[in-house]
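**Student:**
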Amino acid sequence: MGKIKNKQTLEALQKSLLQQRDSNKPCVRVCVGTGCRARGSLNVLKSFEDEIKKQGLASKADIKQTGCHGFCEKGPVVVIGPEETFYSEVEPADVPEIVSETLMKGKIVDRLLYAEPVTGRKSVCEHDIPFYKKQTRRILLNNGKIDPTNIMDYITVGGYLALAKAVTEMSSEEVISIIEKSGLRGLGGAGFPTGRKWRSTRTAVGDPKFVVGNGDEGDPGAFSDRSLMEANPHSILEGMTIGAYAIGANSGFLYVRAEYPLALKHLQIAIEQSKEYGFLGDNILASGFSFNVDIARGGGAFVCGESSALVASIEGKMGEPRAKYIHTVEKGLWNKPTNLNNVKTWACVPLIIGNGVNWYSEIGTKESKGTAVFSLVGKINNTGLVEVSMGTPLKRIVYDIGGGILGNRRLKAVQTGGPSGGCIPEELLDLPVDFDELNKAGSMMGSGGMIVMDEYTCMVDVARYFLDFLQYESCGKCVPCREGIKRMLEITTNITKGQGTKEDVDLLQEMAETIRDFSLCGLGQTAPNTVLSTLRYFRKEYEAHVIEKRCPAGVCKALIQYTILKEKCTGCGACKALCPSQAIQGEPKKTHIIDLAKCVKCNTCRDVCKFEAVAVKQKVD
Amino acid sequence: MISCSINGIKVQAEEGSTILEVAQMYGIDIPTLCYHHDLTPYGACRLCMVEVDEGKRTKIVASCLYPVKEGLKTRTHTEKVIKGRKLILELLLARCPSSKVLQDLASKMGLEKIRFNMENDDCILCGLCVRMCAEQMGSGAVGFVGRGQRREVATPFHEASDICRNCGACMYICPAVNLQCRGVKHPGDLCNSCLVITPQCIEKYGQVTCTIESCGACVQKEKK
């Protein structure tokens, strides 16, 4: 099939694809996103192929490899249509049974169904599982449904119709005003109004103009951009093409970290396929508009997610931010007007053009419309990708979707926005999550990382962890960020060792404020957020460390010691067997004892003990 | 011409000039380290930060890069700005304790104490040498290597550069390495000697003319 020349041909193609598809034909969808891949989903896929061939079902059932379903905790995930039976943690050994029972007889393999951790209630379909049921999936809607390497799948779900509508029926001004009216804000974290940015780039003086897709997701614990690029690359390309049409750009770049090989591969395939069908390249859909996208691979520097550093990196220079008193929309790539948006923002564009402004802005809050995507991780039952409407209370994300805290422990804080964000304490759990409310609480949306922390997390240690990450990921150009983060790290490290003073806590506060106000780019300006937010909400914990030399959460090694509780120890020997320093002594079925001189405080005994007999106590000299 | 104000004084400026350039023209002293009037402004040392009015809020910006605008109100020495500058200088001095430029600035700004663990580096990573070599000498023999804590000025692969002409411009422009403060006896000392207006050595030794640019070493010696 050659290039598609107009909207009607595209609609006809979609229609014929839908007709060809037998909706009653069983289809096995195996997730081959990075998370499930790591848990062996490629072997599962192969087993399905072999087994279906072996049982002679090749013509009766389809196999499809899809991108990330988001429920990475339970991978490999397999969904069987048309009933949408959802199997989690599938192993190759389970495959013959699935094929003979579910595919042949339509019976459900009960043990592979997802069971809720607290109630044990089992769900058959994906949409019955609380993790999915309470989400509002728009950007991620097709992630688990289509094969990312096959453009026909994307066209079947209505792909590229928005592009056809935009370039053949709308003027660029109309496109911009729709995006403006929709209230779409930059989903890379800062939340700048997308429409306004497009308009500034369009009106900026300079030629040629560029559009850039930012897929340089570097926050620890964030993986939403990766999943989207792997699972639905065409949605990003379609959004960028519409954006380029609106702005008046003919070339664009997708900046993706080299650490995301699968995303790079799928994007490359998507670019080639969409060129083949005339959705990219010269004279798109015979509209006279041309647009090309190149992929720029990032070398893995966190700072290159910052727009001016990213621009420098694409130009082949050192990834170093510059002051943005002259904005990138005026002088970006090679000093030409450049419009940079996160890949999730781009993926929203076809949805808005296709479904209309009202559809998009009917959900969300007054200032933040649409949905937000979070990578829910940490001490939570359901780890994975979560998409909710803006303004969803944090509590709902953590308890209803996330399934609550691991081991029924108490929630202490939720860290959002990665190293640039802050910690939101349990008291603020009713906080409606949107750009402005998170900012007010001293955190930010960032690239959508959401790390849940339980009562066994030391907040000083959390601040120390993020500072340690940032000291190597700061570009090192400006003094407050480079030297300041290093010194804040020294001070917090001292505090966790019990060597801090009250003055140190005040100095941390002073430094954090100065670094926030004096740093050159967004990285430095937001770097002290973890320190500032933990000082704001957990100052008592800092004070316990410096005054009483005590770590309330029992984390800081220098301030704690391990003991075995006589009344709880059954003498099972599990801890003794696993202790790496042979510090645990004891006869079978008798109370064990920890030799403190040998103990390295690795926490293995506490983790392994089923009777909660290992306790952490304040260190006694 | 643009009309704006600095510290309440009405000033006229050419379009496209930066706050720092205008302030310097009007004799308003803003401390700088990485700025040189013949090189591209870099905005890295953050000492030249000033507070500008932006609608209802004020914003702290780097004066070496921020272009003046009609009606812009700038204040160069607010409490917030001075506090921040002092902390930045303190951070730099903890890195390079015996740099004379930093010690002089410390005296001038009234820095009293360094609260951090001392290191013993020479380079403040202001990038003047890098820009000098590339922009004025047309060479580009040195550049920045690494990021974050590993950042340093070096030649490619740390090997002798083929394009370096040994012109010495990098050494000439370096504010930190060439002049060492002799008053610092222990890391963490703040010398302050250059602040003494009448050098005691002249009184004591009569006609002896000190050839070292107000090093203050003699004063320190006298104290002990």
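Going down the list, the protein sequences come from chains A and U. So for the first sequence, my numbering puts the first residue at 1; every next one is plus one. So for the second sequence, my numbering puts the first residue at 1001; every next one is plus one. Cβ atoms here follow ideal geometry from the backbone N, Cα and C, with glycine treated the same way.
Please decide whether LEU1065/U counts as near chain A, where near means a Cβ-Cβ distance under 7 Å.
**Tutor:** yes
**Student:** Under a Cβ-count criterion, where at least 16 other Cβ atoms within 10 Å of its own Cβ denotes burial, should HIS234/A be classed as buried or exposed?
**Tutor:** buried
**Student:** In chain order, what residues of the region 1057 to 1091 of chain U put their CB closer than 8 Å to some CB of chain A?
**Tutor:** Cβ contacts with chain A come from ILE1060, VAL1061, ALA1062, LEU1065, TYR1066, PRO1067, LYS1080, LYS1083, GLY1084, LEU1087, ILE1088, LEU1091.
**Student:** Determine, using beta carbons only, whether VAL343/A and LEU228/A come nearer to each other than 7 Å.
**Tutor:** yes
**Student:** Flag this pair as yes or no: are the beta carbons of TYR216/A and GLY298/A separated by less than 7 Å?
**Tutor:** Note that residue 216/A corresponds to Asp in the displayed sequence, not to Tyr. Yes, Cβ-Cβ distance for ASP216/A and GLY298/A is below 7 Å.
**Student:** Residues of chain U with CB under 7 Å from ALA518/A, in chain order?
**Tutor:** Here residue 518/A is Phe; the residue named in the question, Ala, does not match the sequence. The contacting residues are ARG1046, MET1049, ILE1060, GLY1084, ILE1088.
**Student:** Is SER474/A close to chain U? Criterion is C-beta to C-beta, closer than 7 Å.
**Tutor:** yes
**Student:** So GLY191/A contacts chain U; which residues on that side make the cut at Cβ distance below 7 Å?
**Tutor:** None at all; the shortest Cβ gap to chain U is about 18 Å.
**Student:** According to DSSP, is GLY354/A helix, strand or coil?
**Tutor:** Of the three classes helix, strand and coil, the one that applies to GLY354/A here is helix, per DSSP.
**Student:** Look at GLY384/A and CYS72/A and say whether their C-beta atoms are less than 7 Å apart.
**Tutor:** Yes, the Cβ-Cβ distance between GLY384/A and CYS72/A is below 7 Å.
**Student:** With which residues is PRO393/A paired in a DSSP beta bridge?
**Tutor:** PRO432/A
**Student:** Of all Cβ atoms in chain A, is any one closer than 7 Å to the Cβ of ARG1131/U?
**Tutor:** The Cβ of ARG1131/U sits no closer than 7 Å to any Cβ of chain A.
**Student:** With 7 Å set as the bound, which would you pick, yes or no: does the beta-carbon of GLN1149/U sit closer than that to a beta-carbon of chain A?
**Tutor:** yes
**Student:** Keeping to the same chain, check which residues put their C-beta closer than 8 Å to that of LYS1069/U; ignore five residues upstream and five downstream.
**Tutor:** ILE1002, CYS1004
**Student:** Residues in the same chain with beta-carbon distance under 8 Å from ALA258/A, minus the five sequence neighbours each way, listed in chain order, please.
**Tutor:** Answer for ALA258/A: LEU264, ARG297, GLY298, GLY299, GLY300, listed in chain order.
**Student:** Taking all protein chains shown into account, decide if THR530/A is buried (16 or more other Cβ within 10 angstroms of its Cβ) or exposed.
**Tutor:** buried
**Student:** Would you say GLY1043/U reaches chain A, if we count a Cβ-Cβ gap shorter than 7 Å as a contact?
**Tutor:** yes
**Student:** Output the boundary residues of the beta strand (DSSP E) element that contains ALA296/A.
**Tutor:** Here the beta strand (DSSP E) through ALA296/A covers 292 to 298.
**Student:** So, is the C-beta of ARG138/A closer than 7 Å to a C-beta in chain U?
**Tutor:** no
**Student:** At least one CB of chain U closer than 7 Å to the CB of CYS478/A: is that the case?
**Tutor:** By this cut-off, CYS478/A is an interface position.
**Student:** Give me the Cα-Cα distance between ASP1189/U and SER581/A, rounded to the nearest whole angstrom.
**Tutor:** 45 Å
**Student:** Identify the contact partners of ARG1095/U in chain A, using a Cβ-Cβ distance below 7 Å as the criterion.
**Tutor:** GLU483
**Student:** Specify the secondary structure class of THR457/A as computed by DSSP and reduced to three states.
**Tutor:** coil
**Student:** Looking at the structure shown, is ASN494/A part of a helix, part of a strand, or coil, going by DSSP?
**Tutor:** Helix, per DSSP.
**Student:** In the structure shown, what three-state DSSP assignment does TYR1066/U receive?
**Tutor:** coil
**Student:** When you compare each of ALA204/A, PRO432/A, ARG539/A to GLU330/A by their alpha carbons, which one comes out closest?
**Tutor:** The alpha carbon of GLU330/A has as its nearest neighbour, out of ALA204/A, PRO432/A, ARG539/A, the alpha carbon of ALA204/A.
**Student:** At 8 Å on the CB atoms, spell out the chain U contacts of GLN499/A, in chain order.
**Tutor:** Neighbours of GLN499/A on chain U: none; closest Cβ ~12 Å, over 8 Å.
**Student:** Would THR201/A and ASN335/A be called neighbours here (beta carbons separated by less than 7 Å)?
**Tutor:** no
**Student:** What is the DSSP secondary structure of ARG199/A, counted as helix, strand or coil?
**Tutor:** helix
**Student:** List the endpoints of the continuous alpha helix (DSSP H) containing PRO261/A.
**Tutor:** 261 to 276
**Student:** Taking only three categories from DSSP, how would you classify GLY1148/U?
**Tutor:** Residue state, collapsed to three classes: helix.
**Student:** Mind checking GLY446/A: buried by the 16 CB within 10 Å criterion, or exposed?
**Tutor:** buried
**Student:** THR392/A touches chain U at which residues, Cβ-Cβ below 9 Å?
**Tutor:** Within chain U, no residue comes near THR392/A; the closest Cβ sits about 30 Å away, beyond 9 Å.
**Student:** Going by C-alpha to C-alpha distance, which of ASN603/A, ALA583/A, ASP595/A, ALA574/A sits closest to LYS589/A?
**Tutor:** ALA574/A
**Student:** Closest to GLY484/A by CA distance: which of THR493/A, GLN14/A, ILE495/A, GLN471/A is it?
**Tutor:** For GLY484/A, the nearest C-alpha among the options comes from GLN471/A.
**Student:** How is the beta strand (DSSP E) around CYS605/A delimited, first residue to last?
**Tutor:** That residue, CYS605/A, is in no beta strand (DSSP E); its alpha helix (DSSP H) goes 604 to 608.
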